[in-house]
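In the working numbering, the protein residues as written are 1 to 215.
So this is what it looks like as structure tokens:
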């Protein structure tokens, strides 16, 4: 295990006007639930500050794609939410208890990618985009439900309040953001609902949500 960082500055979008978590919310929650100290740098999600910061990220090579979140970890700048969590997991020794649980977490992270892409395009892309997403999003919920039924089920979910893994945090944020941006879906599977509730019951997650969003 590498030496623990002396300073982590985590930069992500401030989505409080939408009461959403975004991709950036996942590593934030990951650090909170694992007691990893960090400093926040929230960037307004607007067309005033963001274009200049995006150009800076690209020109300096901090993130050639020009996206957030990014984490400055003792001078090492890491972009992409999953890479940030993977690095911190390694240096802080915060891997899940078993290799199977780690595989579940990594697979969940992958399953959430098209889910989040769809909800962002639908929730922020205008009325037509939202209608299209609302009509199609049940597929993403079905994929998540079938995955949880196959890998771990309720036994796995029962462990996710005390120590939610990166994948569970990602699915939690995606489901919550979808309901916030496009309205609650007609149907959410039993296991997806249980997992979201399990993560929401984590002390650190619940405290952040109450302090910042009042719920």
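Idealized CB from N, CA, C, for every residue including glycine. These figures come from a predicted structure and were not determined experimentally.
Secondary structure note for residue 71: its beta strand (DSSP E) is the uninterrupted segment 70-73. With a cutoff of 8 Å on beta-carbon distance, residue 12 and residue 42 are scored as near each other. Nearest in C-alpha terms to residue 164, of all of 34, 8, 17 and 18, is 34. Residue 30 and residue 71 have their alpha carbons spaced roughly 13 Å apart. Apart from sequence neighbours up to five positions away, no residue of its chain approaches residue 65 with a beta-carbon distance below 6 Å. Annotation: residue 11 is outside any alpha helix (DSSP H); the continuous beta strand (DSSP E) that includes it extends over 8-14. DSSP places residue 44 within a strand segment (E or B) once states are collapsed to three. Taking a cut-off of 8 Å on C-beta distances, the stretch 68-82 touches the stretch 1-10, as three or more cross pairs fall below it.
The stretch 46-61 makes no contact with the stretch 101-118, as fewer than three CB pairs between them are under 8 Å. Residues 104 of the same chain have their beta carbon placed closer than 6 Å to that of residue 151, with the five preceding and five following residues left out of the count. Scanning its chain for C-beta atoms nearer than 7 Å, with the 5 sequence neighbours on each side dropped, one finds around residue 14 the residues 42, 43, 44 and 45, in chain order. With respect to residue 143, residue 182 sits apart: the two C-beta atoms are not nearer than 8 Å.
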